[in-house]
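Notes for the one structure printed next.
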Amino acid sequence: MPVTRLLYPLYQLGNPQLRIFRPSWFLTLVRPGKEQPQDTVQFRIPMEMTKYDVKNYLEKIYNVPVGVIRTRIQFGSNKKRNHLNQKVKQPDYKVAYVQLALGQTFTFPDIFPEKERAPAEGSMEEMQEKFMEDEKQRQKLDPRRGGVTEWFGL
Amino acid sequence: MAARTRLPLLFPRNLFPFRSQKLVHTEVSVKEPAYPPIVPSLTAKSKSARRRQIEEWVKKICTSSVEDKLSLITRIQREKFVVYPQTFARNADRWYQHFTKTAYIPGLPEKFTPGLEKTKAAVPGIDDDAFADIRSLVTRVILQEHWQFRKRKPFMYRHQEQVVGPFLRSLVSGLTYSLAKYNPLLQLSSLDLSPQVNFYWRRGQRIIPKGHRKRRLEPTRFQIDDRPHSQIRVTQQLPQFMPLEASHAAEVPEITLRPNVMPLFRRQYDNNIFTGAKLPDPACYGHTQFHLVPDRYHRDRMVRQQQADQVEVFLRANALASLFAWTGAQAMYQGFWNYEDVTRPFVSQAVITDGHFFSFFCYQLNTVALSVETDANNPRKNLLWGTESLRLYESVQDGEVVGLNDGVVKLLVQFFMNQP
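Quick mapping for you: the protein sequence lines, in order, are chains A and B.
The first sequence finishes on residue 761 if you use the numbering used here, and the numbering steps up by one all the way, no holes.
The second sequence finishes on residue 424 if you use the numbering used here, and the numbering steps up by one all the way, no holes.
And the structure:
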């Protein structure tokens, strides 16, 4: 059943309309593992949903114009064994490939961009970094020796 | 002290008869030694041996007859992508253009004047009376199918097969026979009903990701198996629409993704190359193909579901794949293949209809060399011209055809009248 059981007060003529029908299905947008065309978006959907459910979901709730949808079920492996030699099952999940209509495109954004970590002026981190750098510099050997150790000297 | 040799007193001319033989021997030893040519081995497990095997195979095919060529090229079966001309995949026409190296040019070539004028401008070779006859023939055929026959309501999703199929068949045969007196090519032509057209080619390559052949390069193979509604085959080739060199400037969309994302599926079965008739048939060149739209293709439903652009995409992809397969098979029948490219362009036409809407397409095949080795320095591209869907008539009311579009009839007549 798409909607879980909720209890609303008994309706009589003239009461305000309180019932809200929201599906208890949730879609997860994922980054595609293999290269997909520009207009294809990849979702993980609950096993009970069908292609037409996904289409209606996206069109009615999110106003996304949807062209064609293809689904497949990914089998979660049952091969791994735990310390008791019992098989451990990874859960199965359904994947939907949604192609957008009206020539729209979508690229999965970069969620973890590289940040340049420059410590703030006058803070502890900056002094610590400077100290570590000086230590490392002192530990280094004379560059004129060309990487040879101190053992082979006088 | 010099030893006394027994020389005669007088020296005759021939005293030392074998003296000059020494010079003969020295000449022979100065001549260049003749060694056999140094070529890589044929049977070693090395890359140069593999290259030589491929060269020997190519030479063997080049020197054999056409039947042997076809059987040698299609002998080995391997997994290939099956390209269906009538597909509902989105943006199928861009994918198919990439697979067949075809550039799409909207509109028809200058030979066919735009058919949307309302005047009965003379088609070359047809005067107004003949055009009026053709027009009345078309009206008769439409009325016969839609008005005069007492047909039961067609079964669900079989409207095209049961109503439009017979209409198109009678229209095509009627037009062929009535225009045969103006076009001598049609007198020796062959009208096939529901023929098979197959083509097999290789394009592009990929690195095999898994398995015992991992990390090796594999060419991607394609196969088209098509059944047009009807086609006309002729004994002489149609003239080209554009010279070969002019196709160098055309643009073909490049797609770097693998075809299975399209979605396109792989299978392994017989590789067939067939134009619609076997090799010894004299009518080996193609003239026109007629295609019916499948029953699941509903224009109005697609427009309602915000896929209005896909309506034309479907027709274009269908024409592209069918005509490429047909012209490619015609070229193979003449002995041109991947390593021996076509010397003259092969031209064919197609009409795709669903009873009301007609779309006209012209295809010119300039190159068959599509595999990786031959495509590296090949500037030639294939060309597809096509129109949007044009309405033939508005409706049939009270035994009358309302709104018959003369332009579409004129285009049909021009297509039939195309001759060298």
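Even glycine gets a Cβ: it sits at the ideal position worked out from N, Cα and C.
Can you give me the start and stop residues for the beta strand (DSSP E) that residue i sits inside?
i, result
"residue 180 of chain B", "Residue 180 of chain B -> not in any beta strand (DSSP E); alpha helix (DSSP H) instead, spanning 169-183."
"residue 354 of chain B", "350-357"
"residue 744 of chain A", "That residue, residue 744 of chain A, is in no beta strand (DSSP E); its alpha helix (DSSP H) goes 731-746."
"residue 389 of chain B", "386-390"
"residue 666 of chain A", "Run containing residue 666 of chain A: none in the beta strand (DSSP E); it sits in the alpha helix (DSSP H), 658-669."
"residue 378 of chain B", "Element bounds for residue 378 of chain B: not the beta strand (DSSP E) but the alpha helix (DSSP H), 376-379."
"residue 717 of chain A", "From DSSP, residue 717 of chain A is part of no beta strand (DSSP E); its letter is neither H nor E."
"residue 636 of chain A", "635-637"
"residue 226 of chain B", "221-230"
"residue 211 of chain B", "201-211"
"residue 238 of chain B", "234-238"
"residue 652 of chain A", "647-652"
"residue 679 of chain A", "673-681"
How long is the line joining the alpha carbons of residue i and residue j, rounded to whole angstroms?
i, j, result
"residue 743 of chain A", "residue 736 of chain A", "11 Å"
"residue 186 of chain B", "residue 297 of chain B", "30 Å"
"residue 665 of chain A", "residue 317 of chain B", "24 Å"
"residue 102 of chain B", "residue 275 of chain B", "21 Å"
"residue 255 of chain B", "residue 387 of chain B", "10 Å"
"residue 204 of chain B", "residue 90 of chain B", "17 Å"
"residue 139 of chain B", "residue 338 of chain B", "38 Å"
"residue 114 of chain B", "residue 173 of chain B", "28 Å"
"residue 634 of chain A", "residue 63 of chain B", "58 Å"
"residue 307 of chain B", "residue 313 of chain B", "8 Å"
"residue 154 of chain B", "residue 183 of chain B", "30 Å"
"residue 662 of chain A", "residue 631 of chain A", "16 Å"
"residue 330 of chain B", "residue 341 of chain B", "14 Å"
"residue 213 of chain B", "residue 640 of chain A", "14 Å"
"residue 697 of chain A", "residue 65 of chain B", "53 Å"
"residue 122 of chain B", "residue 406 of chain B", "Bear in mind that the predicted position of residue 122 of chain B carries a pLDDT of just 41, short of 50, making it unreliable; the figure below should be weighed with that in mind. Residue 122 of chain B and residue 406 of chain B: Cα-Cα distance of roughly 15 Å."
"residue 335 of chain B", "residue 372 of chain B", "8 Å"
"residue 266 of chain B", "residue 692 of chain A", "42 Å"
"residue 50 of chain B", "residue 320 of chain B", "45 Å"
"residue 392 of chain B", "residue 280 of chain B", "27 Å"
"residue 180 of chain B", "residue 672 of chain A", "46 Å"
"residue 120 of chain B", "residue 166 of chain B", "Confidence is the limiting factor: at residue 120 of chain B the pLDDT is only 45, short of 50, which leaves the residue's position unreliable and the question unanswerable from this model."
"residue 43 of chain B", "residue 54 of chain B", "12 Å"
"residue 108 of chain B", "residue 390 of chain B", "8 Å"
Quick one: grab the DSSP three-state call for residue i.
i, result
"residue 110 of chain B", "strand"
"residue 146 of chain B", "helix"
"residue 85 of chain B", "strand"
"residue 62 of chain B", "helix"
"residue 345 of chain B", "coil"
"residue 152 of chain B", "helix"
"residue 136 of chain B", "helix"
"residue 45 of chain B", "coil"
"residue 188 of chain B", "helix"
"residue 758 of chain A", "helix"
"residue 297 of chain B", "coil"
"residue 274 of chain B", "coil"
"residue 90 of chain B", "coil"
"residue 304 of chain B", "helix"
"residue 250 of chain B", "helix"
"residue 703 of chain A", "strand"
"residue 753 of chain A", "coil"
"residue 368 of chain B", "strand"
"residue 404 of chain B", "strand"
"residue 14 of chain B", "coil"
For residue i, which residues in chain B fall below 9 Å Cβ to Cβ?
i, result
"residue 677 of chain A", "267"
"residue 674 of chain A", "94, 309, 310, 311 and 314"
So which residues on chain B does residue i lean against when the C-beta distance must stay under 7 Å?
i, result
"residue 709 of chain A", "310"
In the DSSP assignment, find the alpha helix (DSSP H) that holds residue i and state where it starts and stops.
i, result
"residue 330 of chain B", "312-337"
"residue 76 of chain B", "70-77"
"residue 418 of chain B", "410-421"
"residue 101 of chain B", "96-104"
For residue i, go through chain A and note every residue whose CB falls closer than 7 Å to its CB, in chain order.
i, result
"residue 319 of chain B", "Going along chain A, no residue has its Cβ under 7 Å from residue 319 of chain B, so there is no contact; the nearest lies around 17 Å."
Could you list which residues in chain B have their beta carbon closer than 8 Å to that of residue i, in chain order?
i, result
"residue 643 of chain A", "261 and 265"
Chain-ordered residues of the stretch 193-215 of chain B with a beta carbon less than 7 Å from chain A:
none
Which of the residues in the stretch 89-109 of chain B, read from start to end, lie with their CB under 7 Å from any CB of chain A?
94
Tell me which residues of the stretch 688-714 of chain A have at least one Cβ-Cβ distance to chain B shorter than 8 Å, keeping chain order.
706, 708, 709 and 710
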